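Visitor:
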Amino acid sequence: MKNQKIKKMVGVALLIALVVVMQALSGIIPPLGGFSISLVLIPIVLGSAVFGPAAGGVLGAAFGIIVYINCVTGADPGGAMVFQANPALCFLVVMGKGILAGVAAGFVYKLLHKVNPYVAMLCAAIVCPVVNTGAFVACMLLFFNDVLAAWANGADILGYVLTGLIVANFVPELIINVVFSPAGQRIAHVVNKK
Numbered sequence: 248m249k250n251q252k253i254k255k256m257v258g259v260a261l262l263i264a265l266v267v268v269m270q271a272l273s274g275i276i277p278p279l280g281g282f283s284i285s286l287v288l289i290p291i292v293l294g295s296a297v298f299g300p301a302a303g304g305v306l307g308a309a310f311g312i313i314v315y316i317n318c319v320t321g322a323d324p325g326g327a328m329v330f331q332a333n334p335a336l337c338f339l340v341v342m343g344k345g346i347l348a349g350v351a352a353g354f355v356y357k358l359l360h361k362v363n364p365y366v367a368m369l370c371a372a373i374v375c376p377v378v379n380t381g382a383f384v385a386c387m388l389l390f391f392n393d394v395l396a397a398w399a400n401g402a403d404i405l406g407y408v409l410t411g412l413i414v415a416n417f418v419p420e421l422i423i424n425v426v427f428s429p430a431g432q433r434i435a436h437v438v439n440k441k
């Protein structure tokens, strides 16, 4: 029992380090076509599958903290606009979306794992970016409409959300997660076997 707890603590700590590094680098790497594509959801899905929904929430929180730091420091210019509009609400949004994405991926994996572990990982890999982007877009539309208008630069806000946030950002993240899911399941199988 003690070995299992240590294994889980070390595994989650390693994945937190990976999340921090990957998200910190995303603030340095120039965005592709004006949008940054986050690879950080991969270790969140993996951690939530291997160690459960609570670990997914912790990994999502680590993701949220780095996103918030990028908003505060201006490493993420769009995030800086959200921070300037309302720092407290910005914190709640970035933390909430990360935590919810990790927890949701963990529950989906847990629910489907006994049926088919590969399908469980695929569904968790889909749910994580859906929840992350869905929560973000919903919060932006509810609380930061002025920021969305500024991001749209005079274009229709809904059109911007669909093309800028969904097509240019969410779809690539979803594809990356789906492509990684079979490897993620192999990793989960090896880790859980020991």
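Numbering (this note's numbering), first residue to last: 248 to 441.
Note that beta-carbon positions come from the ideal geometry of N, C-alpha and C, so glycine has one too.
Nothing here was measured: the structure is a model prediction, and the numbers come from that model.
1. Quick one, which of Thr380, Lys361, Leu359 and Leu358 has its alpha-carbon nearest Gly311's?
2. Would the region 306-320 and the region 330-342 be scored as touching if the rule is three or more Cβ pairs under 8 Å?
3. Counting pairs of Cβ atoms below 8 Å between the region 323-332 and the region 290-304, do you hit three or more?
4. Look up Phe338 in the DSSP assignment and say whether it is helix, strand or coil.
5. Excluding the 5 residues flanking Val394 on each side, which residues of the same chain have their C-beta closer than 6 Å to its C-beta?
6. Determine the direct distance from the alpha carbon of Ala430 to that of Lys254, and round the result to whole angstroms.
7. Are the CB atoms of Leu306 and Cys375 nearer to each other than 8 Å?
8. Under the assumption that Lys252 contacts Pro300 (Cβ atoms under 8 Å), give the Cβ distance between them as a whole number of angstroms.
9. From this set, Ala371, Val350, Asn439 and Val268, which residue's C-alpha is nearest Leu359's C-alpha?
10. Leaving out five residues on either side along the sequence, give the residues of the same chain with a beta carbon under 8 Å from the beta carbon of Pro396.
Guide: Result, derived from the coordinates:
1. Thr380
2. yes
3. no
4. helix
5. Met328, Val329 and Ala332
6. 20 Å
7. no
8. Wrong, their Cβ atoms sit about 17 Å apart, outside the cutoff.
9. Ala371
10. Contrary to the premise, residue 396 reads as Ala rather than Pro in this sequence. Excluding residues within five positions, the ones whose Cβ falls inside 8 Å are Ile404.
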